[in-house]
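In our numbering, the protein residues as written are 18 to 201. The block underneath contains the structure these notes are about, expressed in structure tokens.
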Ligand SMILES: [Fe+2]
């Protein structure tokens with residue numbers, strides 16, 4: 018896996034778990050271990066996909082099904098687009114991972130609008146792609162509203178609540194090709 022994708026995945030995990038813990042505090046039931054696994058593994062085939070052009074959401078899920086982790090596979094498959102968007106009901110594990118991914122641009126916590134600008138520039142070559150991206154984004158905005166309805170922080174407060182030093186320490190461990198000392 019390319020190093021910047023490792024950095025991205027670690028930070029997506031940080032964001033996802035921050036939201037999970039705060040949702041837990043408001044009595045929203047979520048499987049924290051499942052979210053952690055889904056966030057860390059969501060781009061598992063992304064590096065390969067850059068060469069092969071494969072759909073990394075689909076192939077990432079296939080890898081995890083093959084390895085015997087169908088629930089994690091389900092989150093990986095839905096990390097770009099959710100199967101269903103529900104305005105009602107409490108946030109789900111798939112929604113938390115999907116949203117967290119949209120809040121991390123490279124190795125920084127960003128606002129969704131910043132990441133949208135980047136995605137449009139990088140992947141919005143045709144008007145059809147652009148329309149698809151805009152549609153995904155509209156759903157992401159609705160999801161953001163849904164998640165933060167249950168929280169007492171606002172989306173722009175997420176960045177300051179992430180322990181960046183710790184996140185950088187994890188990355189340094191990966192860079193040394195050591196087993197990371199990840200302690201969530
Ligand atoms: Fe991805």
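For every residue, glycine included, the Cβ atom is placed at its ideal position computed from N, Cα and C. Note that the coordinates shown come from a computational prediction; the quantities given were computed from them, not determined experimentally.
Range covered by the alpha helix (DSSP H) that runs through residue i
i           : result
residue 36  : 20-42
residue 131 : 129-140
residue 146 : 144-165
residue 82  : 73-83
residue 112 : 110-119
residue 91  : 87-94
residue 65  : 63-69
residue 175 : 175-178
residue 124 : Premise fails: residue 124 is in no alpha helix (DSSP H) and is neither H nor E.
residue 50  : 49-58
Close Cβ partners of residue i (< 8 Å) along its chain, the five nearest in sequence each way excluded
i           : result
residue 168 : 36, 39, 40 and 43
residue 76  : 62, 65 and 66
residue 82  : 90
residue 138 : none
residue 153 : 97 and 98
residue 121 : 25, 28, 29, 32, 127 and 132
residue 22  : 60, 63 and 64
Exposure label - residue i; buried when at least 16 CB within 10 Å
i           : result
residue 171 : exposed
residue 108 : buried
residue 32  : buried
residue 144 : exposed
residue 101 : exposed
residue 112 : buried
residue 51  : buried
residue 146 : exposed
residue 166 : exposed
Same chain, Cβ closer than 7 Å to residue i, neighbours up to 5 away in sequence not counted
i           : result
residue 96  : 59, 74, 114, 115 and 118
residue 55  : 89, 92, 93, 110 and 114
residue 27  : 184, 187 and 188
residue 136 : 150
residue 30  : 53, 56 and 57
residue 161 : 116, 129 and 172
residue 123 : 21 and 25
Close-in-space but distant-in-sequence residues of the same chain around residue i (CB under 6 Å, 5 per side omitted)
i          : result
residue 11 : The chain is shown from 18 up to 201; residue 11 falls before or after that span and cannot be answered.
residue 49 : 37
Any non-hydrogen atom of ligand 2 within 7 Å of residue i CB
i          : result
residue 21 : Looking at this structure, you won't find ligand 2 anywhere; what it does contain is ligand 1.
Ligand 1: which residues have Cβ under 7 Å from any of its heavy atoms, chain order?
59, 60, 63, 73, 74, 96, 97 and 118
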